[in-house]
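K.L.:
Each residue of the sequence shown is one higher than the last, beginning at 20 in UniProt numbering.
Glycine residues also receive a C-beta, built at the ideal position from the N, C-alpha and C atoms.
Source: prediction; values computed, not measured.
Sharing a structure, written as structure tokens. Questions coming.
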Amino acid sequence: TMTVEDIEKTVLAIKRRLGNRLYIPGHHYQREEVIRFSDVTGDSLQLAQLSAQNREADYIVFCGVHFMAETADILTEEGQTVILPDMRAGCSMADMADIDQTERAWTKLQELFGDSILPLTYVNSTAAIKAFVGKNGGATVTSSNAQEMVSWALEQKERILFLPDQHLGRNTAFDIGIPLEEMAVWDPHKEELIHEGERKDLKVLLWKGHCSVHENFTTANIEALRKEQPAMNIIVHPECRREVVAMSDYAGSTSYIIDMIEKAQAGSSWAIGTEMNLVKRLIANNPDKQIISLNPNMCPCLTMNRIDLPHLLWALESIEADQIINPIKVEKKIAADAILALNRMLERA
Ligand code: 13P
Ligand code: SF4
20 TMTVEDIEKT VLAIKRRLGN RLYIPGHHYQ REEVIRFSDV TGDSLQLAQL SAQNREADYI
80 VFCGVHFMAE TADILTEEGQ TVILPDMRAG CSMADMADID QTERAWTKLQ ELFGDSILPL
140 TYVNSTAAIK AFVGKNGGAT VTSSNAQEMV SWALEQKERI LFLPDQHLGR NTAFDIGIPL
200 EEMAVWDPHK EELIHEGERK DLKVLLWKGH CSVHENFTTA NIEALRKEQP AMNIIVHPEC
260 RREVVAMSDY AGSTSYIIDM IEKAQAGSSW AIGTEMNLVK RLIANNPDKQ IISLNPNMCP
320 CLTMNRIDLP HLLWALESIE ADQIINPIKV EKKIAADAIL ALNRMLERA
């Protein structure tokens with residue numbers, strides 16, 4: 020069996036041999052052992068933009084999760100092959116909205132609201148959901164452009180259906196001034212709208228999905244921290260619940276969190292509410308600041324973590340052996356509709 024050093028040497032050698040024919044994007048939640056070999060790192064928006072720009076790589080080995088690799092495939096050209104080093108690297112949030120549920124929801128919501136709804140989907144969704152949204156005039160959003168995109172959508176139509184993350188949807192709508200009373204939650208299992216007040220006043224219909232990693236940050240974590248270390252700054256990802264974001268000092272995408280920590284004063288202290296691989300990297304790269312996870316019992320995102328060094332090597336060796344493993348190929352018809360939704364975002368992002 021190979022030692023870690025052997026694997027690292029082989030990965031480097033293959034990277035050298037393939038040169039610009041190979042491109043390895045890495046999401047900020049990836050393990051350090053993989054990020055070390057990525058050509059670029061970024062948040063979801065940046066990685067989508069970079070995939071759309073790269074026209075020279077034949078192979079894009081995507082270190083991230085399945086929906087990101089699908090997006091990269093949709094945004095690249097015919098001859099470019101996107102590879103996901105481990106097919107088990109899915110996203111539990113993206114799995115919370117399947118296309119059949121979405122189409123049934125759409126029919127029911129149209130019965131209630133007629134043609135007054137525009138669908139928007141967080142990029143953390145399947146290509147089929149993006150295609151549905153694209154076909155119906157809507158767009159994708161990421162956590163770094165959600166405010167612009169929700170504002171844009173509400174200029175087009177009276178109300179929006181926001182898939183699949185209720186928390187990002189609620190946090191974003193709240194930030195642009197929409198009161199919580201004008202939001203309701205669509206439950207895809209009960210197939211009903213959960214809301215107390217008047218239906219005609221609803222502006223934002225939130226799909227009942229969430230990120231199981233970010234739901235682990237609680238108001239109890241914040242209360243404990245405020246009591247023990249009142250000087251600490253609290254910064255969280257907008258996939259956290261509304262109450263958690265409301266009690267925090269700052270909220271934003273992974274790139275926003277990195278920028279904030281990097282430009283913070285030496286000696287300042289920070290509790291971060293996001294995925295553990297990123298928190299660990301920020302701790303390692305910012306020894307002049309005190310940094311902890313907002314939840315001391317935090318686990319990494321299990322599916323992001325599936326991409327490890329042996330899987331990266333496996334993917335790279337499969338290219339050289341001309342027996343590519345795990346190519347991600349979105350069906351043409353789906354890709355053609357999904358790109359409409361992605362482009363409406365990329366034009367504005
Ligand atoms: P961003 O990098 O866009 O903030 O996304 C976070 C995330 O959960 C990706 O799965
Ligand atoms: Fe999905 Fe959450 Fe993991 Fe991101 S952190 S990939 S949203 S489960």
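So for Q68, helix, strand or coil by DSSP?
P.N.:
Q68 falls in the helix class under three-state DSSP.
K.L.:
Answer yes or no: do S63 and P44 have a C-beta to C-beta separation smaller than 8 Å?
P.N.:
Not in contact: S63 and P44 (Cβ atoms no closer than 8 Å).
K.L.:
Ends of the alpha helix (DSSP H) at H233?
P.N.:
Looking at the DSSP string, H233 is not in any alpha helix (DSSP H), and its letter there is neither H nor E.
K.L.:
Just checking H233 against ligand 2 - is the residue's beta carbon closer than 7 Å to any of the ligand's heavy atoms?
P.N.:
Indeed, a heavy atom of ligand 2 lies less than 7 Å from the Cβ.
K.L.:
Can you give me the Cβ contacts of W333 inside the same chain, cut-off strictly under 8 Å, excluding the 5 residues immediately before and after it?
P.N.:
These residues qualify, in order along the chain: P104 and I344.
K.L.:
For N240, which of helix, strand or coil comes out of DSSP?
P.N.:
Helix, per DSSP.
K.L.:
Secondary structure at L365, three-state DSSP: helix, strand or coil?
P.N.:
DSSP places L365 in helix when its eight states are reduced to three.
K.L.:
For R260, does the count of other Cβ atoms within 10 angstroms reach 16, so buried, or fall short, so exposed?
P.N.:
R260 should be labelled buried.
K.L.:
How would the residue list near ligand 1 read, in chain order, if you kept each one whose beta-carbon is closer than 5 Å to any heavy atom?
P.N.:
My final list is D62, S63, T161, S162, S272 and T273.
K.L.:
Cβ-heavy atom distance between T126 and ligand 2 below 7 Å?
P.N.:
T126: no, Cβ never under 7 Å from ligand 2.
K.L.:
In the DSSP assignment, the alpha helix (DSSP H) including E73 goes from what residue to what residue?
P.N.:
Per the sequence shown, the amino acid found at residue 73 is Asn instead of Glu. Taken as a continuous stretch (DSSP letters only), N73 belongs to no alpha helix (DSSP H), as it is neither H nor E.
K.L.:
Using 8 Å as the threshold, is the C-beta distance between A290 and L244 below it?
P.N.:
Cβ atoms of A290 and L244: closer than 8 Å.
K.L.:
Between the beta-carbon of L301 and the beta-carbon of I277, is there less than 8 Å?
P.N.:
In this structure, I277 lies closer than 8 Å to L301 by Cβ.
K.L.:
Three or more C-beta pairs closer than 8 Å, one from the stretch 313-325 and one from the stretch 229-237: is that the case here?
P.N.:
Segments in contact, yes.
K.L.:
What does the alpha-carbon distance come out to for the pair A217 and D268?
P.N.:
At residue 217 the sequence reads Glu, which differs from the Ala that was named. Spanning the two alpha carbons is a distance of roughly 33 Å.
K.L.:
Out of A91, T22, V59 and A32, point me to the one whose CA is closest to N362's CA.
P.N.:
Cα-wise, what sits closest to N362 is A91.
K.L.:
With a threshold of 8 Å, are at least 3 pairs of Cβ atoms found where one atom belongs to the stretch 348-361 and the other to the stretch 152-165?
P.N.:
Yes, they touch.
K.L.:
Go ahead and pull the three-state DSSP assignment for E258.
P.N.:
Coil, per DSSP.
K.L.:
Pairs of beta-carbons, one from the stretch 194-211 and one from the stretch 131-149, closer than 8 Å: are there three or more?
P.N.:
The stretch 194-211, when compared against the stretch 131-149, does not touch it at the 8 Å Cβ threshold.
K.L.:
Nearest to L94 by CA position, among V349, S111 and I195, is which residue?
P.N.:
Checked all of V349, S111 and I195; the closest Cα to L94 is V349.
K.L.:
Quick one: Cα of N164 to Cα of I179, how far?
P.N.:
Taking the straight line joining both Cα atoms gives about 16 Å.
K.L.:
Verify the contact flag: Y48, CB atom, against every heavy atom of ligand 2, threshold strictly below 7 Å.
P.N.:
Yes; taking the cut-off as 7 Å, the Cβ of Y48 has a heavy atom of ligand 2 nearer than that.
K.L.:
For A355 and V152, I'd like the C-alpha separation in whole angstroms.
P.N.:
Looking at the two C-alpha atoms, the distance is approximately 12 Å.
K.L.:
Using a Cβ-Cβ cut-off of 8 Å (strictly less than) and excluding sequence neighbours within five positions of Q185, which residues of its own chain qualify?
P.N.:
Answer for Q185: V204, L225, W226, K227, G228 and H229, listed in chain order.
K.L.:
Please specify which runs of the beta strand (DSSP E), each continuous and at least 3 residues long, are wholly inside the stretch 292-326, giving them in chain order.
P.N.:
Those beta strand (DSSP E) runs which fall completely within the stretch 292-326 and span 3+ residues are 309-312.
K.L.:
Could you tell me how far apart the beta carbons of D280 and I310 are, in whole angstroms, since I believe they sit closer than 8 Å?
P.N.:
Inspection of the sequence shows that residue 280 is occupied by Ile rather than by Asp. Yes, they are in contact, since the Cβ atoms of I280 and I310 sit about 7 Å apart, within 8 Å.
K.L.:
Regarding T238 and ligand 2, is the C-beta to nearest heavy atom distance less than 7 Å?
P.N.:
Checking every heavy atom of ligand 2 against the Cβ of T238, none is found closer than 7 Å.
K.L.:
Rounded to whole angstroms, what's the CA-CA distance from R107 to R189? Just pull it up for me.
P.N.:
Spanning the two alpha carbons is a distance of roughly 29 Å.
K.L.:
Can the beta-carbon of V53 be found closer than 8 Å to that of C82?
P.N.:
Going by C-beta atoms, V53 is nearer than 8 Å to C82.
K.L.:
Which residue comes first and which comes last in the beta strand (DSSP E) that contains L103?
P.N.:
No beta strand (DSSP E) contains L103, which DSSP labels as neither H nor E.
K.L.:
Just to confirm, are E336 and C320 a CB contact at a threshold of 8 Å?
P.N.:
Contact: no.
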